[in-house]
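Below is one structure; the comments refer to it alone.
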Amino acid sequence: AKKTRTFITIGGMAIGIAFIVFLVSVGYGLQRLVISRVARLEELKQVEVVPGLSDNLSLTDETVAHFKQISNVSEVLPLIAVVGRVSYQDSVSDLTVYAATADYLRNSALQPVKGSLYESNAASFDTAQLPPVLGTSSQVQAHGEEIGPVAVALSQGSFLKVRSAPSTTAPIIGYTKRVTGELDGVEVWGDSYQSSTDAGNAGETADGTPLGKWVQAKFLLWQAVTCQPEVSTECEADGYSVLRSDDNTQVEQVGYVAELTMVVTPRAAGSNQVLGVSTDASDGTLPLVEIASESGQAVAQNVIQVAISSTEKKQVVVNRSVLQLLNIPENEAVGKELELSMVVVGELLDDTNKRIESAPLMYTIVGVVPDEGVPIAYVPFIDVRSMGVNKFTQTKVVVNTTQNLASVRNTIESVGYGTVSVADTVAQIDSLFANFRLLLSVLGLVALSVAALGMFNTLTVSLLERTREVGLMKAIGMKSEEVKSLFLTESMIMGLYGGILGLFIGIFTGKVLSIFLSAFSIVKGVGFVDISYVPPIFVVAVLFLSLFVGVATGYFPAKRATKISALNALRYE
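Per the numbering used here, the very first residue in the sequence shown carries number 191; after that it's consecutive.
Encoded structure:
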């Protein structure tokens, strides 16, 4: 009966410890699982740096060199995010283009599901080797000479003079304004004129006469009249009315307009209007580039088309969204060729009214990454640099150890730059699961308290049953402290055995639960899921807790045993 009671007591202690171990191991396991999905260990040593609010806090080659000099920084990897247009067979679509080195992609945890990443790590470009600007070269031009086909988007709300020839003295055949969609036209050289961009004085003739850019297209015409909108429905608020022909339809006629308040896009680079670049990053991931719609803000921009002149292989890595967009089977994607052109606007240029577009170029798909969100293409960093871009969207700063990340971030932020790191997300996850584990531990301690009371009861009953034995031991010369040590040792052994057994039961139960859940996750294609993890320090803590419970529950019975009189104990029945 005594052995049975002892085994039951150890079993109760083991169940209480097992309950704590199981609950806390699930807490640690879930935390580990979530963090592994959010970031790798290498990413905890990285910080993304974005430009500051002022103009002098742009990210440039000088900034990169400054960051490299910061103590404990091992690498600084820049990124340029631009808008792109991809053509494949009969499909033409807009997408986000990230210009990055191979090292940047590897540090960003991009794992191709097909093919591989490109190997280009070139990051600098000699500006003396910049390619000539297409359509705006410094060669001698002739008045009336065509530059090339273009798409024209007029600014909302303003009327432009339509002339019979590209000359400021040519007769005005009417006025035109923005209509839905874009106009197809031809860019030509004509008289120079005053303009907020260099379009009004972009070339010259053989004798040095300045020339400006004009657009020849078929325009809907209005006429300047004195009228009242309240009286006539065809009267515009600013004194223009529809110009009609004899058959009462609005006149549409070929004419010429100066490039004043409009966006002109060379047809070779596509026809959609690109108005802005967003570089927000919310979670330590790559930034998103948003393509503004035609209904957005209309800004007169000076469009410059250039050719990409870098000698790197024209290779591109795309995500699954691009393949879905172009209807390319994933298994056949590697080796396919895409026609890609890129547009650089906004804060990446010194003049925000300018826009640089690359001439279309054939790129070969070398890898496919699994992201299925926004369509994204990754091209060699040097390709966009060769377009004359000297500012970066963001830089990835890699620190030698995770412990030094905070000090490096503080150094960068003290200058005025913004920083984002996946370590922030991990810290929030750690805080959340710390509270979660605390709650689980409290629940486990309730079960352990019940087991401790059972152990206390067992030791008390054991003392009563062995009262005569205690008296006999004292009668033959055993001291009270030795009797106390005997009972404490018994309680500590019971507690330690219960703790060891509870550890095995708790860990085993957690692994069984992980295997059970993995049976479903593997079917769903997620792979094995381990939601149970016991840190070594927690194992040590559980063993010490078991010993503490053993000592605490055995202390009072042991102390009571020291007060038993040997004579009374021998007479005890």
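Idealized CB from N, CA, C, for every residue including glycine.
Under the three-state DSSP convention, the category residue i falls into
i: residue 570; result: strand
i: residue 388; result: helix
i: residue 607; result: coil
i: residue 456; result: strand
i: residue 363; result: strand
i: residue 750; result: helix
i: residue 407; result: strand
i: residue 668; result: coil
i: residue 577; result: coil
i: residue 740; result: helix
i: residue 222; result: helix
i: residue 553; result: strand
i: residue 726; result: helix
i: residue 155; result: For the chain, the structure presents residues 191 to 763; residue 155 sits outside this window and is missing.
i: residue 383; result: coil
i: residue 674; result: helix
i: residue 355; result: coil
i: residue 275; result: strand
i: residue 584; result: strand
i: residue 346; result: coil
i: residue 421; result: coil
i: residue 301; result: coil
i: residue 265; result: strand
Among the options, the one whose alpha carbon lies nearest that of residue i
i: residue 636; options: 695, 203 and 340; result: 203
i: residue 312; options: 684, 290, 363 and 511; result: 290
i: residue 206; options: 642, 405 and 271; result: 642
i: residue 533; options: 248, 274 and 520; result: 274
i: residue 520; options: 528, 560, 544 and 199; result: 560
i: residue 587; options: 748, 267 and 401; result: 267
i: residue 364; options: 440, 730 and 630; result: 440
i: residue 235; options: 745, 613 and 407; result: 613
i: residue 549; options: 649, 525 and 456; result: 456
i: residue 746; options: 728, 674, 695 and 623; result: 674
i: residue 356; options: 749, 332 and 652; result: 332
i: residue 251; options: 425, 538 and 725; result: 538
i: residue 729; options: 748, 701, 703 and 692; result: 692
i: residue 603; options: 380, 247 and 309; result: 247
i: residue 269; options: 568, 672, 714 and 734; result: 568
i: residue 368; options: 382, 393 and 410; result: 410
i: residue 416; options: 422, 429 and 334; result: 429
i: residue 501; options: 413, 452, 564 and 574; result: 574
i: residue 615; options: 208, 194, 225 and 193; result: 225
i: residue 373; options: 452, 386, 589 and 511; result: 452
i: residue 631; options: 198, 193, 212 and 197; result: 212
i: residue 516; options: 566, 634, 535 and 348; result: 566
i: residue 570; options: 644, 640, 498 and 706; result: 498
Beta-carbon contacts of residue i that lie in its chain and below 6 Å, excluding the five residues immediately before and after
i: residue 447; result: 350, 352 and 405
i: residue 444; result: 408
i: residue 624; result: none
i: residue 276; result: 283, 285, 528 and 530
Residues near residue i by beta carbon distance below 8 Å, same chain, minus five either side
i: residue 384; result: 390
i: residue 599; result: 237, 609 and 611
i: residue 376; result: 336, 337, 338, 339, 340, 405, 406 and 407
i: residue 360; result: 353, 354 and 446
Enclosing alpha helix (DSSP H) for residue i [first to last residue]
i: residue 413; result: Note, residue 413: premise wrong, no alpha helix (DSSP H); beta strand (DSSP E) at 412-414.
i: residue 514; result: 510-516
i: residue 295; result: 292-297
i: residue 526; result: No alpha helix (DSSP H) contains residue 526, which DSSP labels as neither H nor E.
i: residue 252; result: 251-258
Contacting residues, own chain, Cβ-Cβ under 7 Å from residue i (five flanking each side not counted)
i: residue 526; result: 518 and 555
i: residue 215; result: 696, 697, 700, 722, 723 and 724
i: residue 717; result: 711
i: residue 688; result: 200, 203, 204, 207 and 736
Range covered by the beta strand (DSSP E) that runs through residue i
i: residue 332; result: It is not in any beta strand (DSSP E) - residue 332 carries neither H nor E in the DSSP assignment.
i: residue 442; result: 442-448
i: residue 520; result: That residue, residue 520, is in no beta strand (DSSP E); it is neither H nor E in DSSP.
i: residue 503; result: Element bounds for residue 503: n/a, residue is neither H nor E.
i: residue 721; result: Careful: residue 721 lies outside any beta strand (DSSP E) and carries neither H nor E.
i: residue 547; result: 544-548
Three or more beta-carbon pairs under 8 Å between the stretch 579-596 and the stretch 498-514, yes or no? Short answer: they don't touch.
Does the contact criterion of 3 or more C-beta pairs under 8 Å hold for the stretch 733-742 versus the stretch 662-682? Because the criterion of three Cβ pairs below 8 Å is met, the stretch 733-742 and the stretch 662-682 touch.
Whether or not the stretch 256-271 and the stretch 592-603 are in contact is what I'm after, with contact meaning three or more pairs of Cβ atoms, one per stretch, closer than 8 Å; do they touch? Contact between the stretch 592-603 and the stretch 256-271 is present, because at least three Cβ pairs lie under 8 Å.
Check whether the stretch 336-356 and the stretch 278-296 touch, using three or more Cβ-Cβ pairs below 8 Å as the test. With the rule of 3 Cβ pairs closer than 8 Å, the stretch 336-356 does not count as touching the stretch 278-296.
Below 8 Å, how does it come out for the stretch 212-224 and the stretch 618-634: are there three or more Cβ pairs, yes or no? When C-beta atoms of the stretch 212-224 are compared with those of the stretch 618-634, three or more pairs fall below 8 Å, so the two segments count as touching.
Assess, as a yes-or-no matter, whether the stretch 295-310 is touched by the stretch 553-568 under the definition of 3 or more beta carbon pairs within less than 8 Å. When C-beta atoms of the stretch 553-568 are compared with those of the stretch 295-310, three or more pairs fall below 8 Å, so the two segments count as touching.
Determine contact between the stretch 707-725 and the stretch 210-219, defined as no fewer than three beta-carbon pairs at a distance below 8 Å. Counting Cβ pairs under 8 Å, three or more are found: they touch.
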